[in-house]
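There are 2 protein chains.
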Amino acid sequence: MPLLLLKDLPRYECLLEGAKEFPDLDPSACEAFLHLLRTSDEVFSLVEKDLAVHGISHGRFGVLMLLWNPAQRRIDAAHADGDCPSGPRTPAELADAAGVTRATMTGLIDTLERDGLVRREPDPTDRRMMSVLLTEKAERFLVGISPAHFKLMTRIMAPLSESERKTLVRLLTKVLENASEIAVPATEPARARLSPAESPY
Amino acid sequence: MPLLLLKDLPRYECLLEGAKEFPDLDPSACEAFLHLLRTSDEVFSLVEKDLAVHGISHGRFGVLMLLWNPAQRRIDAAHADGDCPSGPRTPAELADAAGVTRATMTGLIDTLERDGLVRREPDPTDRRMMSVLLTEKAERFLVGISPAHFKLMTRIMAPLSESERKTLVRLLTKVLENASEIAVPATEPARARLSPAESPY
DNA sequence: CTTTTGTAGTTAGCCTCCTAACCATCCTCC
DNA sequence: GGAGGATGGTTAGGAGGCTAACTACAAAAG
Numbered sequence: 114m115p116l117l118l119l120k121d122l123p124r125y126e127c128l129l130e131g132a133k134e135f136p137d138l139d140p141s142a143c144e145a146f147l148h149l150l151r152t153s154d155e156v157f158s159l160v161e162k163d164l165a166v167h168g169i170s171h172g173r174f175g176v177l178m179l180l181w182n183p184a185q186r187r188i189d190a191a192h193a194d195g196d197c198p199s200g201p202r203t204p205a206e207l208a209d210a211a212g213v214t215r216a217t218m219t220g221l222i223d224t225l226e227r228d229g230l231v232r233r234e235p236d237p238t239d240r241r242m243m244s245v246l247l248t249e250k251a252e253r254f255l256v257g258i259s260p261a262h263f264k265l266m267t268r269i270m271a272p273l274s275e276s277e278r279k280t281l282v283r284l285l286t287k288v289l290e291n292a293s294e295i296a297v298p299a300t301e302p303a304r305a306r307l308s309p310a311e312s313p314y
Numbered sequence: 114m115p116l117l118l119l120k121d122l123p124r125y126e127c128l129l130e131g132a133k134e135f136p137d138l139d140p141s142a143c144e145a146f147l148h149l150l151r152t153s154d155e156v157f158s159l160v161e162k163d164l165a166v167h168g169i170s171h172g173r174f175g176v177l178m179l180l181w182n183p184a185q186r187r188i189d190a191a192h193a194d195g196d197c198p199s200g201p202r203t204p205a206e207l208a209d210a211a212g213v214t215r216a217t218m219t220g221l222i223d224t225l226e227r228d229g230l231v232r233r234e235p236d237p238t239d240r241r242m243m244s245v246l247l248t249e250k251a252e253r254f255l256v257g258i259s260p261a262h263f264k265l266m267t268r269i270m271a272p273l274s275e276s277e278r279k280t281l282v283r284l285l286t287k288v289l290e291n292a293s294e295i296a297v298p299a300t301e302p303a304r305a306r307l308s309p310a311e312s313p314y
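Here the protein sequences come in this chain order: A and B. Take this note's numbering: the last position of the first sequence gets the number 314, and nothing is skipped along the way. Take this note's numbering: the last position of the second sequence gets the number 314, and nothing is skipped along the way.
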């Protein structure tokens, strides 16, 4: 992700200092906000580097995980489906589940298909639609990579006790639910737009 | 950031279910991990959308903030520096502070310079180096945009009490410090590499 | 004083994300 | 049953990340 975040978070005193100049700056909110993004960034880049070692990006890995359903796989195995081990999904469903646009999903599926991890098949009933299916290669890949992936998550969260994890989840859920309700007004964007009051022109 | 993250986090029972199949899956660690990334993603995209309304990306905004030092500005004002209101920084310093590569910083500075928010000046003592300076336009822009930016942070963190914020910061700090110590082994990456044991070839 | 090593910045090429526009197909409704 | 709208998927073009390779310069080592 590296999303251009301050590597060294400002000390709390500096935030207090800033609050003097900017009355809108709430030091504790700002501190929590920065820590949230900074920590998430570090954790995310750790996972991304780990996945990169196995030659896959986080985005593509996410698509594979969405398509992968081990429980479903066992059921299908009984049917001897062979090459269709997990339930097929359409690009639109995948895009919605992953929270990216359909155009982005098209690109991801393109590269996954090029690498032989995924297959596109036209839908027999609706000719607009496609089904995206995992290949056996992808199945083997996921089985091979998952344990290390889970171990890394465990290792990252190791310093927190069970109750601390519960607390963290509870607090994050509060923030997430609140954030989901905040809708940024959709105004027309412009390049480094200046409001009339502050515009030099 | 939208980093292709599951929009609907799996329920805890599903994680328990998955743990049966994958002994390496620690349900509470996985839950905390996913909530951390999911929440951060939501919060981040909120901020990014807000900045987009003002025609600037998070990355460019971060560079401007790094170059901006209101306290320094006040000092310089006494010197009547005029067009050099904040301490100059080199691209390398900016890249380190922002946690991106120098190549990325070059690109960001390019676009900022194109938009007239930043200026490059050669260093008089070391001819390899450049100084990056905020323009007056950028100063006005930051003064105009900052209050809304701070308000948004406050609003995002509103559902947490002061003590909850402290707790959140404490838990996140634990995770961050731990994550910083985890070094992913640097092996040669490959495209969707399969280990010999699971390779079909 | 020359050579080697290291550092600052850029360039080139790739990947993933976005929006906007575009077809093709389905569905609804007159 | 044909027109208009909704939906699924792709394409085109842009931005911000990355690595790797390159240039220019500075500094250390011989």
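Glycine residues also receive a C-beta, built at the ideal position from the N, C-alpha and C atoms. All of these numbers come straight from a predicted model, not from anything done at the bench.
Start-to-end residues for the beta strand (DSSP E) that takes in residue i
i: MET242/B; result: No beta strand (DSSP E) holds MET242/B; DSSP gives it neither H nor E.
i: ARG232/B; result: 231-235
Where the alpha helix (DSSP H) through residue i begins and ends
i: ARG268/B; result: 249-269
i: PRO204/B; result: 204-211
i: PRO140/A; result: 140-166
i: ASN182/A; result: No alpha helix (DSSP H) holds ASN182/A; DSSP gives it neither H nor E.
i: ILE295/B; result: Run containing ILE295/B: none; DSSP gives neither H nor E here.
i: THR214/A; result: Premise fails: THR214/A is in no alpha helix (DSSP H) and is neither H nor E.
i: LYS328/B; result: Outside the shown range of chain B, which is 114 to 314, sits residue 328/B, and nothing can be said about it.
Chain B within 8 angstroms of residue i, Cβ atoms only
i: PRO272/A; result: yes
i: ALA142/A; result: yes
i: GLU234/A; result: no
i: LEU129/A; result: no
i: THR286/A; result: yes
i: THR238/A; result: no
i: THR203/A; result: no
i: SER244/A; result: no
i: ALA216/A; result: no
i: GLU206/A; result: no
i: LEU247/A; result: no
i: ARG241/A; result: no
i: ARG278/A; result: yes
i: LYS120/A; result: yes
i: ALA191/A; result: Legend: pLDDT at ALA191/A = 46, less than 50; position of this residue unreliable, value from coordinates given subsequently. No, ALA191/A does not count as interfacial toward chain B.
i: ASP194/A; result: Residue confidence is low: ASP194/A scores 39 on pLDDT, short of 50, so the model does not pin down where it sits. No coordinate-derived value is stated.
Within-8 angstroms CB hit, residue i to chain A
i: GLU126/B; result: no
i: ASP137/B; result: yes
i: ASN182/B; result: no
i: LEU281/B; result: yes
i: LEU289/B; result: yes
i: PRO260/B; result: yes
Burial state of residue i (16 or more Cβ within 10 Å)
i: PRO237/B; result: exposed
i: GLU144/B; result: buried
i: PRO204/A; result: buried
i: THR219/B; result: exposed
i: SER293/B; result: exposed
i: ALA191/B; result: Note that ALA191/B scores 47 on pLDDT, short of 50, meaning its location in the model is unreliable and no value can be drawn from it.
i: ALA211/B; result: buried
i: ARG240/B; result: exposed
i: ARG124/A; result: exposed
i: THR214/B; result: exposed
i: PRO163/B; result: This sequence places Asp at residue 163/B; Pro is not what is there. Buried is the call here.
i: ARG202/A; result: buried
i: ALA251/B; result: buried
i: LEU225/B; result: buried
i: ALA216/A; result: exposed
i: LEU289/B; result: buried
Between the region 173-180 of chain B and the region 212-232 of chain B, can you find at least three pairs of beta-carbon atoms closer than 8 angstroms?
yes
When the Cβ atoms of the region 276-287 of chain B are set against those of the region 250-261 of chain A, are three or more pairs found closer than 8 angstroms?
no
Tell me whether the region 137-155 of chain A and the region 261-277 of chain B touch, counting them as touching only if at least three CB pairs, one residue from each stretch, are closer than 8 angstroms.
yes
Three or more C-beta pairs under 8 angstroms: does that hold for the region 273-280 of chain B against the region 153-162 of chain A?
no
Residues of the region 218-230 of chain A with Cβ closer than 7 angstroms to any Cβ of chain B, in chain order
ASP228, LEU230
Residues of the region 147-170 of chain B with a CB closer than 7 angstroms to any CB of chain A: list them in chain order, please.
HIS148, LEU149, LEU150, ARG151, THR152, SER153, GLU155, VAL156, PHE157, LEU159, LYS162, ASP163, ALA165, VAL166, HIS167, GLY168, ILE169
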